[in-house]
Amino acid sequence: MAQKPSLPKGTRDFGPAQMLKRDYILNTIRSVFKKYGFMPLETPAIENLSVLTGKYGDEGDQLLFRILNTGDFLKKTSAGDYEEGAKALSPKIAEKGLKYDLTVPFARYVVMNRGEITFPFKRYQIQPVWRADRPQKGRYREFYQCDADVVGTGSLICEAELMAIVNEVYTQLNFNDYKVSISSRKVLEGLAALCEVSDKFTAFCVILDKLDKIGEERVAEELSTIGVSSQNLEKLKELLNTTGSNQEKLGTFREAFVNSEVGLAGLDELSETFEHLKGLKVTTDQIIFDPTLARGLSYYTGIIYEVKPTSISMGTITAGGRYDNLTGVFGMEGVSGVGISFGIDRIYDSLEELNLFPETNSDITQILITNFDKESEAHALGILAKLRSKNIKAEIFPEAAKLKKQLNYANNKGIAHVLMVGSREIESGEYVLKNMETGDQQTATIDALANLLS
RNA sequence: GUGGUUGUAGUUCAGUUGGUUAGAAUGCCUGAUUGUGGUUCAGGAGGUCGCCGGUUCGAGUCCGGUCUUCCACCCCA
42 MAQKPSLPKG TRDFGPAQML KRDYILNTIR SVFKKYGFMP LETPAIENLS
92 VLTGKYGDEG DQLLFRILNT GDFLKKTSAG DYEEGAKALS PKIAEKGLKY
142 DLTVPFARYV VMNRGEITFP FKRYQIQPVW RADRPQKGRY REFYQCDADV
192 VGTGSLICEA ELMAIVNEVY TQLNFNDYKV SISSRKVLEG LAALCEVSDK
242 FTAFCVILDK LDKIGEERVA EELSTIGVSS QNLEKLKELL NTTGSNQEKL
292 GTFREAFVNS EVGLAGLDEL SETFEHLKGL KVTTDQIIFD PTLARGLSYY
342 TGIIYEVKPT SISMGTITAG GRYDNLTGVF GMEGVSGVGI SFGIDRIYDS
392 LEELNLFPET NSDITQILIT NFDKESEAHA LGILAKLRSK NIKAEIFPEA
442 AKLKKQLNYA NNKGIAHVLM VGSREIESGE YVLKNMETGD QQTATIDALA
492 NLLS
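If you number the first sequence the way the numbering used here does, the last residue is 495 and the count never jumps.
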């Protein structure tokens with residue numbers, strides 16, 4: 042009995058038209074990564090769960106896809122485990138999982154290959170990741186991340202270069218409606234100290250992060266529930282309402298953080314990063330110091346940033362930050378890293394919504410050769426080889442069909458030119474080239490026509 | 001994970017208080033045009049109404065479950 046096939050929730054097929062556009066984004070990002078000195082790396086889709094769990098916070102652990110052990114997966118369990126529930130049973134029946142991001146597997150790779158790696162190590166990685174999230178617009182269960190990370194140096198030049206990459210990628214994609222929010226976990230620590238809730242740092246961050254979503258009043262309400270006094274709320278409110286340039290805002294924060302060593306360190310790092318950006322000739326109009334930026338992933342320790350489109354409703358399209366000790370959990374201390382991740386599925390959705398994909402795509406076949414009958418077909422194969430030797434993307438219609446069908450094929454596939462190869466042309470040595478957009482036709486030798494196309 | 005929402009030709013959608021043979025547009029195929037597509041005209045094919053079950057003389061329509069879509073939380077690329 043035939044059944045209708047279906048896809049798992051939150052996954053998609055990408056047809057040729059979509060893949061051409063995805064490749065356009067991917068190729069852009071990849072070429073920029075290479076230009077900045079990053080080298081490629083790939084890691085497996087599956088990792089041991091011991092590598093993945095505990096790196097993304099409790100929420101993250103919940104979103105990991107777990108892979109049932111092969112064979113008799115009940116082998117290591119007892120009836121008692123079942124009684125204790127899913128949480129106790131899960132690690133005994135599933136020891137591997139799909140990777141959740143590219144940063145943690147990268148840290149694992151660095152630790153395992155520390156002997157062969159020359160530091161600072163700059164790598165880029167473009168692969169799918171999986172999250173058992175509930176899908177929504179711009180949120181999928183399988184999606185691609187494009188990461189660039191530098192490990193083995195604490196230099197803020199890296200942060201600035203990653204910002205430069207953001208600037209260059211989106212400039213090349215002709216996408217300008219975005220803003221970069223930048224801050225530092227240390228600034229958040231300073232704010233938490235100011236509010237005297239350093240012991241509830243994580244909760245503090247989560248609440249603060251909601252500011253632009255739920256507003257000042259509700260943030261104040263929630264902050265008071267974790268013990269922020271009304272006096273401190275006033276101080277915080279005044280500080281966060283600071284306006285002005287990035288430098289002016291940093292100055293105001295500096296005054297407020299006089300008693301917070303870590304807070305001041307965060308501000309210094311931000312200032313230095315902005316200096317480096319100036320040195321790199323990166324315009325900072327779209328980069329905004331946003332002290333409420335929190336970022337969920339628990340491994341970040343220093344500067345953090347996030348890119349969001351401004352003219353459409355879309356989540357974060359690029360994000361990252363510095364993590365001082367991600368390799369520490371794998372037994373390699375004292376290696377600082379900083380990275381960035383482009384979410385190409387959301388970039389795709391954004392470009393689509395804003396109609397920013399270029400109309401023509403250089404990956405499309407340039408010329409289709411017709412197929413009228415066996416004799417012309419044999420002749421056409423030679424022409425095909427000749428065109429390809431000149432690096433022209435060419436194909437032949439693989440069977441003798443009605444010309445109408447062949448032209449339709451070219452039309453639907455977006456092929457710009459059709460070369461008629463029939464007895465008339467073979468006899469004269471001059472071929473009819475049809476421009477599918479204008480409908481114009483011209484007659485010339487293959488060499489002359491090839492020159493027109495290449 | 002919580003709450004809501006969606007599903008009918010390849011696609012986008014109609015389908016009345018439950019009542020004969022489920023429609024349109026578009027796309028596809030054939031012909032008008034034996035070597036000229038994207039325009040026009042004529043004809044044709046295409047549907048287990050997401051899936052499973054229930055109520056009913058009768059279900060695309062009502063009920064339950066399930067899968068999927070989108071949305072709000074949560075969180076995130």
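Positions of the beta carbon are idealized from the N, C-alpha and C atoms, including for glycine.
Need the endpoints of the alpha helix (DSSP H) that residue i sits in, please.
| i | result |
| --- | --- |
| Gln103 | 98-103 |
| Glu316 | 302-320 |
| Thr69 | 57-76 |
| Asn449 | 444-454 |
| Leu291 | 287-297 |
| Lys128 | 127-134 |
| Phe114 | Run containing Phe114: none; DSSP gives neither H nor E here. |
| Gly380 | Note, Gly380: premise wrong, no alpha helix (DSSP H); beta strand (DSSP E) at 378-384. |
| Ser469 | 464-469 |
| Lys427 | 415-430 |
| Asp365 | From DSSP, Asp365 is part of no alpha helix (DSSP H); its letter is neither H nor E. |
| Val151 | 144-153 |
Return the CA-CA distance between residue i and residue j, expressed in angstroms with no decimal places.
| i | j | result |
| --- | --- | --- |
| Ser271 | Leu334 | 22 Å |
| Ile410 | Leu425 | 7 Å |
| Ser339 | Lys278 | 25 Å |
| Cys199 | Gln447 | 53 Å |
| Thr368 | Met153 | 10 Å |
| Ala457 | Ala127 | 58 Å |
| Ile158 | Glu289 | 41 Å |
| Gly224 | Ser239 | Per the sequence shown, the amino acid found at residue 224 is Ser instead of Gly. So the two alpha carbons sit approximately 18 Å from each other. |
| Phe55 | Cys246 | 37 Å |
| Glu418 | Pro176 | 50 Å |
| Pro81 | Arg155 | 17 Å |
| Met42 | Arg53 | Caution is warranted here: a pLDDT of 40 is assigned to Met42, below 50, making its placement in the model unreliable, and the coordinate value is therefore given only provisionally. Their Cα atoms are separated by approximately 25 Å. |
| Lys62 | Tyr472 | 33 Å |
At what residues does the beta strand (DSSP E) containing residue i begin and finish?
| i | result |
| --- | --- |
| Leu409 | 408-410 |
| Met461 | 458-461 |
| Val473 | 472-476 |
| Gln483 | 482-485 |
| Asn396 | Looking at the DSSP string, Asn396 is not in any beta strand (DSSP E), and its letter there is neither H nor E. |
| Gly193 | Per DSSP, Gly193 belongs to no beta strand (DSSP E) and is neither H nor E. |
| Ile511 | With the chain covering only 42 through 495, there is no way to say anything about residue 511. |
| Ala435 | 435-437 |
| Ile328 | 328-330 |
Would residue i pass as a contact of residue j if the rule is Cβ separation under 8 Å?
| i | j | result |
| --- | --- | --- |
| Ala451 | Val459 | yes |
| Glu183 | Gly51 | yes |
| Val210 | Ile353 | no |
| Gly193 | Val379 | no |
| Leu235 | Ala297 | yes |
| Thr406 | Ala442 | no |
| Ile433 | Ile408 | yes |
| Val151 | Thr359 | no |
| Thr351 | Asp250 | no |
| Ala491 | Leu444 | no |
| Leu203 | Gly361 | yes |
| Val191 | Lys163 | yes |
| Val221 | Gln59 | no |
| Thr357 | Val348 | yes |
| Lys140 | Ala86 | yes |
| Ile345 | Arg226 | yes |
| Gly256 | Gly304 | no |
What is the DSSP secondary structure of residue i, counted as helix, strand or coil?
| i | result |
| --- | --- |
| Ile345 | strand |
| Met42 | Bear in mind that a pLDDT of 40 at Met42, under 50, signals an unreliable position, so the model cannot answer this. |
| Ala360 | strand |
| Gln272 | helix |
| Pro169 | strand |
| Arg226 | helix |
| Ala205 | helix |
| Ala335 | coil |
| Pro350 | strand |
| Glu83 | coil |
| Leu264 | helix |
In terms of alpha-carbon separation, which member of the options lies closest to residue i?
| i | options | result |
| --- | --- | --- |
| Lys496 | Pro350, Asn366, Ile167 | This structure gives no information on residue 496, because the portion of the chain shown stretches from 42 to 495. |
| Asp64 | Ser119, Asn154, Ile167, Glu125 | Ile167 |
| Ser30 | Glu237, Asp253, Gly362 | Outside the shown range of the chain, which is 42 to 495, sits residue 30, and nothing can be said about it. |
| Asp174 | Asp102, Tyr472, Thr479, Asn68 | Asp102 |
| Asp142 | Cys187, Glu136, Ile108 | Cys187 |
| Ser403 | Arg336, Ser495, Val370, Gly195 | Ser495 |
| Thr496 | Thr243, Ile66, Pro46 | This structure gives no information on residue 496, because the portion of the chain shown stretches from 42 to 495. |
| Ile134 | Leu104, Glu258, Asn89 | Asn89 |
| Ala148 | Leu93, Asn215, Gly304 | Leu93 |
| Leu493 | Gly480, Lys117, Thr479, Leu474 | Leu474 |
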